[in-house]
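Each remark here refers to the structure printed beneath this line.
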Amino acid sequence: TCPAGPHFRCVGSHLGRARAEGGGDKARVLRGGQAPQGCHMGLEGQPWGGPADAPAWKLHRVHSFLDYIMGGCQIHCTVAIDFTASNGDPRNSCSLHHIDPRQPNEYLRALVAVGEVCQDYDSDKRFSALGFGARIPPKYEVSHDFAINFNPEDDECEGIQGVVEAYQNCLPQVQLYGPTNVAPIISKVARMAAVEERTGEASQYYILLILTDGVVTDMADTREAIVRASHLPMSIIIVGVGNADFTDMQTLDGEDGVLRSPRGEPALRDIVQFLPFRELKSASPAALAKCVLAEVPKQMVEYYSHKELPPRGFCSLPGEASPRSSPEDSRHGDCDQGAPTASVSSTFGGP
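According to UniProt numbering, the sequence shown holds residues 1 to 351 in order.
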């Protein structure tokens, strides 16, 4: 049995009655309570005698972002930097890519500010660092998916500082070009996330951080890539650098409704967050962290909840069989030592 009873969120709702009262499918919410073993909560929060009294009750375990992190879920971050010509010639002081030893450019400021927030959730502090929209050596052909350390076999850098150094070394070696195509990089990270999905465990979640100075050129392909990625363990944070009009980018954020592919297929869940960096420049570290990770924890929990994947080493409740427990275990509860407990939503599903 669990060393300490898990805290519940009990939601009792007879569907017809709830709708009649205008309360939707979750009419009454009681927080922080603990149900005695073998006891179910009634519509008014009163305990019933046992399972036989409430045959239509269903227990839905609601895990938190922290539960998954404590359960060993690894966050893997990939940074993608826009090297298109619209950023301006790096030799010009007005360029968003201009390197001045006395003052970091817009990309460096955004990279460090946002990247350090993401770094706190990346267990090994290693970032895949990619670029798009440039002509790259040795043939100087346009690439929309290249390692900025020019090592396609190992595109990872040690921490955000490693990404900064790779960026500064890369910039003089590439020719800024275009167009601003981000679908290839989204698809690349999605392929890694698809491999993770097949493990059937909550073991690795991917965050793609895209830094760009304007609206993407391949909007149709990007929408298609995002809709496909919405079925995978990944989230996308797009940071708008500079003073361009980013109004069209809100389309990808799902602010105007559910994002759809060009074929009309809706995204399974919202996985994109757009942040105009000009509005975050003066934010405190705490405020910046809150903005950057405003949606990722919810997106991560939504994915694993949809897949019905609990945190690894989770503690089951009495009457709830866990994937690793026998029917005998499920009658008494099953808890690994040190395993996280979670809140539970109980939804009345009777006629």
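A virtual CB, placed ideally from N, CA and C, is assigned to each residue, including glycine. Because the structure is a prediction, the values reported are computed rather than measured.
To which residues of the same chain is residue i closer than 7 Å at the C-beta, ignoring the five residues directly before and after it?
i: ASP82; result: PHE132, GLY133, THR180, LEU211, THR212, ASP213
i: ALA194; result: LEU232
i: LEU171; result: PRO90, HIS97, ILE99
i: TYR177; result: THR84, ALA85, GLY133, ALA134, ARG135, VAL142
i: ILE148; result: ILE81, ALA129, LEU130, GLY131, ALA166, TYR167, CYS170
i: SER123; result: GLN74, ILE75
With residue i as the anchor, note down where its beta strand (DSSP E) starts and where it stops.
i: GLY240; result: 234-240
i: ALA129; result: 126-132
i: VAL79; result: 74-82
Taking 6 Å as the limit between beta carbons, can you name the residues of its chain near residue i, skipping five residues before and five after?
i: TYR218; result: A quick correction: the sequence has Asp, not Tyr, at residue 218. For ASP218, where only same-chain residues beyond five positions count, the Cβ hits under 6 Å are ASN181, ALA183.
i: GLY254; result: ASP270
i: VAL301; result: PHE65
i: ASP248; result: VAL215
i: GLY16; result: The predicted model places GLY16 with a pLDDT of 37, which falls under 50 and marks its position as unreliable, so this point remains unresolved.
i: TYR304; result: ALA202
i: ASP329; result: At ASP329, the pLDDT of 37 sits below 50, so the modelled position is not reliable and the matter cannot be decided from this model.
i: THR222; result: VAL182, ALA183, VAL216
i: ILE237; result: LEU209, GLN273
Anyone know if the C-beta pair for residue i and residue j falls short of 7 Å?
i: ALA166; j: CYS73; result: no
i: VAL239; j: LEU275; result: yes
i: PHE127; j: VAL163; result: yes
i: SER235; j: GLN299; result: yes
i: ARG312; j: GLY115; result: no
i: ALA220; j: PRO266; result: no
i: GLU106; j: VAL241; result: yes
i: ALA110; j: PHE277; result: yes
i: LYS188; j: ASP145; result: yes
i: GLU295; j: GLN273; result: yes
i: GLN173; j: PRO137; result: yes
i: GLU196; j: GLN204; result: yes
Return the bridge partner residues of residue i from the DSSP annotation.
i: SER143; result: ALA134
i: VAL272; result: ILE236
i: TYR177; result: THR84
i: ILE210; result: ALA80, ILE238
i: GLU156; result: SER128
i: PRO266; result: ARG260
i: TYR205; result: ILE75
i: GLN250; result: According to DSSP, which records beta bridges pairwise, GLN250 is partnered with nothing at all.
i: ASP100; result: GLN103
Assuming the contact rule is C-beta atoms closer than 8 Å, residue i and residue j should be a hit. Round their C-beta distance to whole Å, please.
i: THR78; j: LEU130; result: 7 Å
i: ILE226; j: LEU208; result: Incorrect: roughly 10 Å between the Cβ atoms, too far for contact.
i: ILE75; j: TYR121; result: 4 Å
i: ALA190; j: ARG228; result: 6 Å
i: LEU268; j: LEU259; result: Contact flag wrong, Cβ pair sits at about 10 Å.
Using a Cβ-Cβ distance under 7 Å, would residue i count as near chain C?
i: GLU158; result: Checking the listed chains, one finds no chain C in this structure; it contains a single protein chain.
Using a Cβ-Cβ cut-off of 8 Å (strictly less than) and excluding sequence neighbours within five positions of residue i, which residues of its own chain qualify?
i: TYR140; result: GLN175
i: CYS94; result: GLY88
i: LYS125; result: GLN119, GLU158, GLY159
i: GLY200; result: LEU309
i: VAL112; result: PRO104, ILE160, VAL164
Let's see if you can read the secondary structure: which residues bound the alpha helix (DSSP H) around residue i?
i: PRO285; result: 285-292
i: VAL227; result: 219-229
i: ALA244; result: Per DSSP, ALA244 belongs to no alpha helix (DSSP H) and is neither H nor E.
i: ILE185; result: 183-197
i: TYR304; result: 296-306
Comparing the CB of residue i with every heavy atom of the ligand HEM, is any distance shorter than 6 Å?
i: ALA294; result: As for the ligand HEM, it is missing from this structure, which has no ligand bound.
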